[in-house]
DNA sequence: ACCGTCATGTAATCGGTTACATGATTCT
DNA sequence: AGAATCATGTAACCGATTACATGACGGT
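Chains as they are written, first to last, in the working numbering: chain X, 47 to 234; chain U, 47 to 234.
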């Protein structure tokens with residue numbers, strides 16, 4: 047069988063790049079190097095607003111990418127044995143290729159609130175809860191845009207602009223649902 | 047220890063309801079009964095627009111819900127041994143409870159195109175590809191609203207309206223990116 | 001020195017995706 | 001009736017979530 051040859055454990059060259067991979071590659075590429083914990087903070091401060099990752103992934107994924115030769119792994123000798131990662135030339139090339147493919151993929155909304163609405167949940171309470179959440183998020187984004195927006199590179203700034211647009215859409219949508227559902231029966 | 051008693055394999059009462067569970071429960075509840083294949087068609091014709099499921103899930107998930115006692119499973123005696131599912135009273139109760147909790151959960155965009163934008167992809171080609179995709183989706187939704195919209199129950203119609211709103215937002219966003227990126231260098 | 005909390009990391013589980021497999025149907 | 005295509009179903013794999021575990025650190 048073809049898989050039977052003895053590989054002297056060279057970097058396995060063919061990994062699928064998931065969005066998680068891209069985030070890890072992209073952030074390490076921007077910062078030069080990072081430990082998983084630093085990655086966690088970097089995600090929270092950057093793409094985390096529209097694509098967050100559980101911290102456990104930030105230990106598993108770099109390890110996977112290192113096995114594939116896209117990252118270089120350096121283990122600290124001290125007590126914690128922290129691992130520091132850097133992007134290899136192979137990794138840069140892979141990231142570059144991924145960035146160069148303009149995707150026409152459509153992303154589904156996959157919003158649990160919408161699911162509740164679809165299957166007949168009571169619209170008043172649902173819409174009010176959603177409205178609160180989205181108003182808060184919108185305020186947060188607008189504050190972000192006001193404070194750090196001007197200093198952001200074009201990509202991140204556009205992403206933030208997009209987030210604001212969608213939050214405005216959500217606020218408007220749920221507002222209409224609230225209006226059509228009538229006022230909170232707890233009132234008056 | 048408390049878990050040590052001998053259960054005579056009764057329906058395991060505590061399943062987490064994932065969105066997948068809810069879609070399966072909800073659709074079977076609306077149609078009365080369904081086989082996995084019918085579920086596949088039902089999803090495509092309903093929630094599939096904003097929350098699709100790979101067909102393999104529509105075999106695995108009903109089985110799981112049946113084990114938990116939320117669905118009743120009936121096996122056809124013929125050659126295919128098709129399985130037909132119905133919602134049990136326990137299942138209806140579980141669905142009802144889920145629908146009654148108004149969630150304030152915020153859903154991330156998680157759009158691969160935005161990810162590319164964020165990490166510095168060439169904006170022109172990306173934005174044009176995205177624009178095409180979203181224009182097509184928007185046209186599809188608007189056509190749906192025109193044709194079947196008036197006959198839809200409130201929940202599904204609102205969900206569709208929401209989808210249209212978000213697609214308009216995407217179209218506007220990527221249009222701006224196209225404009226700011228300048229015209230296609232492939233042009234004269 | 002102890003306790004609570006946060007930082008950091010690993011392990012186990014589970015849902016979801018991908019790939020494969022077989023039965024039905026249609027067309028020629 | 002044979003081939004191609006679609007319907008229907010199962011199995012294996014893998015990424016992601018959850019839960020657990022330990023190390024550091026600040027306060028009292």
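Beta carbons are placed, not taken as given, at the ideal position from N, Cα and C, and that holds for glycine. Note that the coordinates shown come from a computational prediction; the quantities given were computed from them, not determined experimentally.
Alpha-carbon to alpha-carbon, residue j and residue i
i, j, result
"residue 132 of chain U", "residue 75 of chain U", "7 Å"
"residue 210 of chain U", "residue 230 of chain U", "27 Å"
"residue 48 of chain U", "residue 144 of chain U", "Confidence at residue 48 of chain U is low in this model, with a pLDDT of 34, below 50, so its placement is unreliable and no value can be given for it."
"residue 191 of chain U", "residue 205 of chain U", "11 Å"
"residue 221 of chain X", "residue 178 of chain X", "10 Å"
"residue 85 of chain U", "residue 73 of chain U", "7 Å"
"residue 122 of chain X", "residue 130 of chain X", "8 Å"
"residue 172 of chain X", "residue 187 of chain U", "24 Å"
"residue 164 of chain U", "residue 68 of chain X", "11 Å"
"residue 53 of chain U", "residue 135 of chain U", "With a pLDDT of 37 at residue 53 of chain U, under the threshold of 50, the modelled position of that residue is not reliable, and the figure given next carries that caveat. Roughly 22 Å between the two C-alpha positions."
"residue 50 of chain X", "residue 63 of chain X", "With a pLDDT of 35 at residue 50 of chain X, under the threshold of 50, the predicted position of this residue should be treated as unreliable, though the coordinate-derived value follows. Near 26 Å, if we compare the C-alpha coordinates of residue 63 of chain X and residue 50 of chain X."
"residue 102 of chain X", "residue 82 of chain X", "9 Å"
"residue 106 of chain U", "residue 193 of chain X", "48 Å"
"residue 166 of chain X", "residue 77 of chain X", "47 Å"
"residue 176 of chain U", "residue 175 of chain X", "31 Å"
"residue 156 of chain X", "residue 128 of chain X", "37 Å"
"residue 152 of chain U", "residue 228 of chain U", "34 Å"
"residue 196 of chain U", "residue 185 of chain U", "17 Å"
"residue 147 of chain X", "residue 147 of chain U", "41 Å"
Residue range of the beta strand (DSSP E) that includes residue i
i, result
"residue 186 of chain X", "First-last for residue 186 of chain X: 169-193, but that is the alpha helix (DSSP H), not the beta strand (DSSP E)."
"residue 132 of chain X", "129-133"
"residue 119 of chain U", "117-121"
Contact under 8 Å by Cβ, residue i with residue j
i, j, result
"residue 169 of chain U", "residue 217 of chain U", "no"
"residue 183 of chain X", "residue 149 of chain U", "no"
"residue 61 of chain U", "residue 104 of chain U", "no"
"residue 154 of chain X", "residue 96 of chain U", "yes"
"residue 70 of chain X", "residue 108 of chain X", "yes"
"residue 180 of chain X", "residue 226 of chain X", "no"
"residue 200 of chain X", "residue 65 of chain U", "no"
"residue 80 of chain U", "residue 88 of chain U", "yes"
"residue 189 of chain X", "residue 215 of chain U", "no"
"residue 98 of chain X", "residue 202 of chain X", "no"
"residue 198 of chain X", "residue 208 of chain U", "no"
Residue range of the alpha helix (DSSP H) that includes residue i
i, result
"residue 213 of chain U", "200-227"
"residue 155 of chain U", "Note, residue 155 of chain U: premise wrong, no alpha helix (DSSP H); not H, not E."
"residue 113 of chain X", "103-113"
Beta-ladder partner(s) of residue i, from DSSP
i, result
"residue 80 of chain U", "U:131"
**Prompt:** Pairing CB atoms from the region 133-148 of chain X with CB atoms from the region 107-120 of chain X, are three or more of them under 8 Å?
**Reply:** Three or more pairs of CB atoms, one per stretch, sit closer than 8 Å, so the region 133-148 of chain X contacts the region 107-120 of chain X.
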